[in-house]
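Residue numbers (my numbering): 344 to 515.
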């Protein structure tokens, strides 16, 4: 799991997605917030990026992979996203810009996207968040425009296990 810390800020609207993704359990949401040392998430303000990542990793470790994928899907509904992205290809291609709208720091990493054909892409993430969150975000992008997605983790390591990047194969 993640051990490095970064300086920077994270958009409250993006962080707020975890409340929506776990909305079925108010007690669980309150525990995650309490453990992070906050009472609530204000979607209109910016938070320390380490607090945000600590919350995402706590969800992953305490609740599980599926819950974090659900949070990633909800993030697409709540976080600011660049305008004019109206199909799966443009949404996947716009993920780096969307990430930069929601995280600001010198060392936040990046998301690259290359299309293999009209219905598949390879994305490489060097971002701060956990792998299942990334998977949920990509699934959410595709489902936002009615394109069911299959997201597979590619070879070459995983940041959650100490790798320098995660590669994903996305079919939509």
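Backbone N, C-alpha and C define an ideal beta-carbon position, used for all residues, glycine too.
Residue 480 beta carbon less than 9 Å from that of residue 418: For residue 418 and residue 480, yes; Cβs fall inside 9 Å.
CA-to-CA distance, residue 500 to residue 377, given in whole angstroms: 33 Å
Per DSSP, what kind of secondary structure is residue 485 in: helix, strand or coil? helix
Quick one: what's got a C-beta closer than 8 Å to residue 379's C-beta in the same chain, skipping five residues either side? 394, 397, 398, 401
Is the CB-CB distance between residue 470 and residue 452 below 9 Å? yes
Going by beta carbon distance, what residues of the same chain come within less than 7 Å of residue 431, once the five residues before and after it are set aside? 484, 485, 488, 490, 515
With DSSP as the reference, please indicate the residues paired to residue 470 in a beta bridge. DSSP output for residue 470 lists no bridge partner at all.
Residues that residue 447 bridges to, as DSSP identifies them: 352
Give me the Cβ distance between residue 511 and residue 421, rounded to the nearest whole Å; I'm assuming they're in contact under 8 Å. Not quite, the Cβ-Cβ distance comes to about 22 Å (not below 8 Å), so this is no contact.
What does residue 509 pair with, by DSSP beta-bridge criteria? In DSSP, residue 509 forms a bridge with 468.
From the DSSP secondary-structure annotation, give me the bridge partner or partners of residue 458. 464
Start-end ranges of the alpha helix (DSSP H) lying completely within the region 399–444, minimum 4 residues: 408–421, 431–436
Using beta-carbon positions only, say whether residue 476 and residue 411 come within less than 9 Å of one another. yes
Expressed to the nearest angstrom, what Euclidean distance is found between the alpha-carbon atoms of residue 354 and residue 513? 26 Å
Within 10 Å of its beta-carbon, does residue 346 have 16 or more other beta-carbons around it, so buried, or fewer, so exposed? Because the pLDDT of residue 346 is 49, which lies under 50, any placement of that residue in the model is unreliable, and the question is left without a value.
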